[in-house]
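So the sequences go chain by chain: C and W.
Numbering-wise, my numbering puts 32 at position 32 of the first sequence, and it's gapless, one number per residue.
Numbering-wise, my numbering puts 496 at position 496 of the second sequence, and it's gapless, one number per residue.
Virtual Cβ for every residue (Gly too), placed ideally from N, Cα, C.
Being a predicted model, the structure only gives us computed values, none of them experimental.
Single-structure report; data block below.
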Amino acid sequence: MNQIEPLKPLKTWSHLATRRRKPSEYEIVSTNLHYSTDNPDAPFELDPNFPIARWFRQYRNASPLRHDDWNAFRDPDEVVYRTYNMQQDGQEAYVFGLLDQLSERGHDQMLDAGWARQLARLYAPARYPIHAIQMQSAYVSQMAPASTISNCATYQAADSLRWLTHTAYRTRELANSFPGLGFGENERTLWEDDIVWQGFRELVEKSLVAWDWAESFTCLNLIVKPAFEECVIRGLGDAARHNGDTLLGLLADAQLRDAERHRRWARSLVKMALEQPGNVDVLRGWIDKWMPLAIAAIEAYAAQLADAPDTAERAIATLTELHRGTGC
Amino acid sequence: MAILERSKWYDLARATNWTPRYVAESELFPETMSGSLGVERSKWEAYDEPYKTSYPEYVRIQREKDAAAYSVKAALERTKLLENAAPGWLSILKAHYGAIALGEYAAMSAEARMTRFGPAPGMRNMATFGMLDENRHAQLQLYFPHEHCKSDRQFDWAHKAYHSNEWAAIAARHTFDDLFLARDAISIAIMLTFAFETGFTNMQFLGLSADAAEVGDYTFSSLISSIQTDESRHAQIGGPALQVLLANGHKEEAQKRVYMGIARAWRIFGVLTGPAMDYYTPLSHRKQSFKEFMQEWIVGQFERSLIDLGLDLPWYWDKMIEEFDYQHHAYHLGVWFWRPTVWWNPAAGVSPDERDWLEEKYPGWNDTFGKCWDVITENVLKGNIDATKPETLPIVCNMSQLPICAVPGNGWNVRDYPLVHEGRTYHFNSEIDRWIFQQDPSRYRDHMTVVDRFLAGMIQPPDLSGALKYMNLAPGEMGDDADNYAWAEAWRNIAATRRAA
Chain C
1 MNQIEPLKPL
11 KTWSHLATRR
21 RKPSEYEIVS
31 TNLHYSTDNP
41 DAPFELDPNF
51 PIARWFRQYR
61 NASPLRHDDW
71 NAFRDPDEVV
81 YRTYNMQQDG
91 QEAYVFGLLD
101 QLSERGHDQM
111 LDAGWARQLA
121 RLYAPARYPI
131 HAIQMQSAYV
141 SQMAPASTIS
151 NCATYQAADS
161 LRWLTHTAYR
171 TRELANSFPG
181 LGFGENERTL
191 WEDDIVWQGF
201 RELVEKSLVA
211 WDWAESFTCL
221 NLIVKPAFEE
231 CVIRGLGDAA
241 RHNGDTLLGL
251 LADAQLRDAE
261 RHRRWARSLV
271 KMALEQPGNV
281 DVLRGWIDKW
291 MPLAIAAIEA
301 YAAQLADAPD
311 TAERAIATLT
321 ELHRGTGC
Chain W
1 MAILERSKWY
11 DLARATNWTP
21 RYVAESELFP
31 ETMSGSLGVE
41 RSKWEAYDEP
51 YKTSYPEYVR
61 IQREKDAAAY
71 SVKAALERTK
81 LLENAAPGWL
91 SILKAHYGAI
101 ALGEYAAMSA
111 EARMTRFGPA
121 PGMRNMATFG
131 MLDENRHAQL
141 QLYFPHEHCK
151 SDRQFDWAHK
161 AYHSNEWAAI
171 AARHTFDDLF
181 LARDAISIAI
191 MLTFAFETGF
201 TNMQFLGLSA
211 DAAEVGDYTF
221 SSLISSIQTD
231 ESRHAQIGGP
241 ALQVLLANGH
251 KEEAQKRVYM
261 GIARAWRIFG
271 VLTGPAMDYY
281 TPLSHRKQSF
291 KEFMQEWIVG
301 QFERSLIDLG
311 LDLPWYWDKM
321 IEEFDYQHHA
331 YHLGVWFWRP
341 TVWWNPAAGV
351 SPDERDWLEE
361 KYPGWNDTFG
371 KCWDVITENV
381 LKGNIDATKP
391 ETLPIVCNMS
401 QLPICAVPGN
411 GWNVRDYPLV
421 HEGRTYHFNS
431 EIDRWIFQQD
441 PSRYRDHMTV
451 VDRFLAGMIQ
461 PPDLSGALKY
471 MNLAPGEMGD
481 DADNYAWAEA
491 WRNIAATRRA
501 A
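Set out below in structure tokens:
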């Protein structure tokens, strides 16, 4: 028998070693980490046909959005856990600095009661759709066919919890400053029944059950999130500034930083998907399917934003531009 | 105070359940993925996570923890610990990283399942931090071993193991898929966080951290104790879920998940941590035997927490405790014997002094496992290394995916626990493994062990070389005795002294 030459140590993981470039920290810790994609017929090291195995085979492996190598996806921001915390700890120090300073200066006491009433209706219930975005981001994270996609979705879920936290915090402050307006009490009823929220409610409930991983991603990152962000963060933030609510305006800006990062990875993923012929029709189909619900949600909400009258038009234009910009 | 205390607004951040209108509740939380056993959603409002934190606190504390872990690594980078470390210690590092790093990443998906499908908002928020934690653990445990790739090809397996059909990787996947990756949200809360993380990871991480500090590997020690601080936070997701199930008449189902979780974790720890503690760790650095660790961390811990929750001890409790005396010794013997099929170099750990320690900690060891090692030692001393290597494959348990084995020598108790299900005969290491299968055969029915694959002709040529190819192990990666058989020399000296006497 011929003596086989022993394998020699490599400078990096064997799966990265054939590339010329020295791998970055991002590549070392983020790439090819899902092992459940290795065998297309059996996602798990268990029976291939029990219910959860079927779920992954149907909604991940058999997605109509196809690519030969999803693992080639790279987050344009190359976020890793270590840098995520550095970045967001800095952001939170800024936000809590604002909350501290503006509270010291009596920010809420200077707000008009009419605006506070609008906040009770248009702002505080937002924790429900934000939480839905958090949940759906976690769905995309667990179903995505590449760890580099899952990581983006994980940080996006965490960012959503960040926004939820800001909203809960402000709701309590506003409840203290404006007792009797239902802050901290009426949000669920408003979310479930007020006409202003029903468009978003229908959109997020239906979007949460779009089980195909790629449809869930498309619907969440190209429809639900940008629609929500343009109305309930940017539009409401503009109206806030108009009403002397400096804090909400600045808070909106801080959250939109996260949203911009989410759009960057979403655009990159769509761009990569479009390398494969046929995917454009799949994505277009999903966008066409979900856009009417998004437009209805945007219009229902924005109709109440008298102080930011361009919100609906601008939000729809932003979504259209986002879709066109990615080429689908 | 201009900043509100967390307790003033925390409840609002977890008041996020609503009644859906545009889709059915059962569609939003399908049983396959949520597993709330028919307990109404309103009942889950009672869920109260004992460990509370918030987003700003999380990112601040985690930033600090990362800064500490990475700075220890940076500071000690030039100490050449690896060049000077005991070979057995290196084997522990390789086995640990390969078996754990991508498993941690799979746990991120499991936490994500609780974030999406958990019935209680508090659970969903805590699981969001859990997702981040597991993301951290995967990244740390890839980043730290990566630097060793350049000096030792076996470190490549920190990333590669889970993508291979190496038998220990198959066993790890089967265990972790069954414990959490392929489970519904409530089962994950019970099996991953309560059954696995509160007891077993505590032992792996605190036990190994203590051993690492003993051998002077402060980088690894600080790394895994830092990881453990995250685990002990998110491990608390399961307790309140059990309480809700108990309060709503689901004690039996809840208990069953705890029992399956502990039993599955025990097997994988038996093969990974057992040999590490009782054989690979240099004798002078051993603090406790694996059995003592199990008694303290698993038996003690679970007996307390099960009783606190009003759960009964598992029906197999005494049987499992009995196994502490032998199962990991049997696994170690198998791992060492089949050493070309692992990605680390098993340390035999049977020099005269080490055998004295084993006999002290496990009275009767010399008369049972020692008998096998006597034969191996004799062959090594004769220079007949081939006789200490395998030619065939063992019978593998259809649950643990590990060899069916127990006590050899004078205490022989090895037996198969078979089960015929829908015409196929399955083989199990014990009645515990068989019981798990019987709880839900559909989860395991058509899975093939590595030996089933061998018999089905999927491994070619049908010999050890074919098996190694199938496991993606080549020379340069395949394991060999960690000490290059130096441990046997002490026996030669003893034999010579005896002859002289």
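Asked: Sequence-distant residues of the same chain with beta carbon closer than 7 angstroms to L223(W), five excluded per side; Found: A69, L140, F144
Asked: Member of L161(C), S24(C), H107(C) whose CA lies at the smallest distance from the CA of Y58(W); Found: L161(C)
Asked: Closest Cα partner of P64(C) within the set A157(C), Y139(C), G278(C); Found: G278(C)
Asked: DSSP state of K175(W) mapped onto helix, strand, coil; Found: Correcting the residue type first, residue 175(W) is Thr in the shown sequence and not Lys. Here T175(W) sits in helix by DSSP.
Asked: Contact check, V280(C) vs C219(C), beta carbons under 7 angstroms; Found: no
Asked: Which of helix, strand or coil DSSP assigns to F44(C); Found: coil
Asked: Member of A62(C), L99(C), S141(C), F178(C) whose CA lies at the smallest distance from the CA of R117(C); Found: F178(C)
Asked: Nearest-angstrom Cα separation, counted from S209(W) out to G216(W); Found: 10 angstroms
Asked: Option in H262(C), R284(C), I52(C), A227(C) with minimal Cα separation from T311(C); Found: A227(C)
Asked: E31(W) versus W487(W): straight-line alpha-carbon distance, rounded; Found: 55 angstroms
Asked: Residue from E231(W), S226(W), L28(W) with nearest C-alpha to F560(W); Found: Here chain W covers residues 1 to 501 and nothing more, so residue 560(W) does not appear.
Asked: 7 angstroms CB neighbourhood of M1(C) in its chain, flanking five on each side removed; Found: Any reading at M1(C) must be qualified, since the residue scores a pLDDT of 45, below 50, and its modelled position is unreliable; the value itself is stated next. Answer for M1(C): no residue qualifies.
Asked: Reduced DSSP category for H508(W) - H, G, I as helix; E, B as strand; rest coil; Found: Nothing about residue 508(W) can be read from this structure; chain W reaches only from 1 to 501.
Asked: H34(C) classed as buried or exposed, judged by whether at least 16 other C-beta atoms fall within 10 angstroms; Found: buried
Asked: Beta carbon proximity, D253(C) to chain W, threshold 7 angstroms; Found: no
Asked: Per-residue DSSP class, three states only, for H421(W); Found: strand
Asked: Near-chain C residues of the stretch 127-160 of chain W (beta-carbon distance less than 7 angstroms), N- to C-terminal order; Found: T128, M131, L132, N135, R136, A138, Q139, L142, Y143, H146, C149, K150, S151, D152, R153, D156, H159, K160
Asked: Under the three-state DSSP convention, the category M1(W) falls into; Found: Residue confidence is low: M1(W) scores 48 on pLDDT, short of 50, so the model does not pin down where it sits. No coordinate-derived value is stated.
Asked: Burial state of Y51(W), where buried means 16 or more other Cβ atoms lie within 10 Å; Found: exposed
Asked: Close-in-space but distant-in-sequence residues of the same chain around M471(W) (CB under 7 angstroms, 5 per side omitted); Found: S164, N165, E166, W167, T341
Asked: Buried versus exposed call for H323(C) [16 or more other C-beta atoms within 10 Å across all chains shown]; Found: buried
Asked: Buried versus exposed call for K319(W) [16 or more other C-beta atoms within 10 Å across all chains shown]; Found: exposed
Asked: 8 angstroms contact criterion, which G409(W) and D367(W) should meet: CB distance rounded; Found: 6 angstroms
Asked: Inter-residue CB distance, D177(W) and F117(W) (contact presumed, cutoff 8 angstroms); Found: At roughly 17 angstroms, the Cβ-Cβ gap does not stay under 8 angstroms, so D177(W) and F117(W) are not in contact.
Asked: CB contact check: T219(W) to chain C, cutoff 7 angstroms; Found: no
Asked: Below-7 angstroms beta-carbon distance, G518(W) vs any chain C residue; Found: The structure shown has nothing for residue 518(W), since chain W only spans 1 to 501.
Asked: Supposed contact pair L242(W) and I190(W) - C-beta distance, whole angstroms, cut 8 angstroms; Found: 6 angstroms
Asked: Proximal residues of chain W, C-beta to C-beta of Y35(C) below 7 angstroms; Found: L102, Y162, H163, R173
Asked: Contact set between D191(C) and chain W, taken where Cβ atoms lie within less than 7 angstroms; Found: The amino acid at residue 191(C) is misidentified as Asp; the sequence shows Trp. Simply W18.
Asked: Proximal residues to Q492(W) (C-beta, below 6 angstroms), its chain only, five neighbours per side dropped; Found: Note that residue 492(W) corresponds to Arg in the displayed sequence, not to Gln. L381, listed in sequence order.
Asked: Span separating the alpha-carbon of A308(C) from that of G249(C); Found: 12 angstroms
Asked: Every unbroken alpha helix (DSSP H) within the stretch 308-396 of chain W, with a cutoff of 4 residues, ordered by chain; Found: 317-323, 327-337, 352-361, 369-381
Asked: Positions along the stretch 128-149 of chain C whose CB lies within less than 9 angstroms of some CB in chain W; Found: Y128, I130, H131, A132, Q134, M135, Q136, S137, A138, Y139, V140, S141, Q142, M143, S147
Asked: Contact set for H174(W): own chain, Cβ-Cβ below 7 angstroms, skip 5 residues either direction; Found: Q401
Asked: Below-7 angstroms beta-carbon distance, F200(C) vs any chain W residue; Found: no
Asked: W213(C) vs R60(C) beta-carbon contact at 7 angstroms; Found: yes
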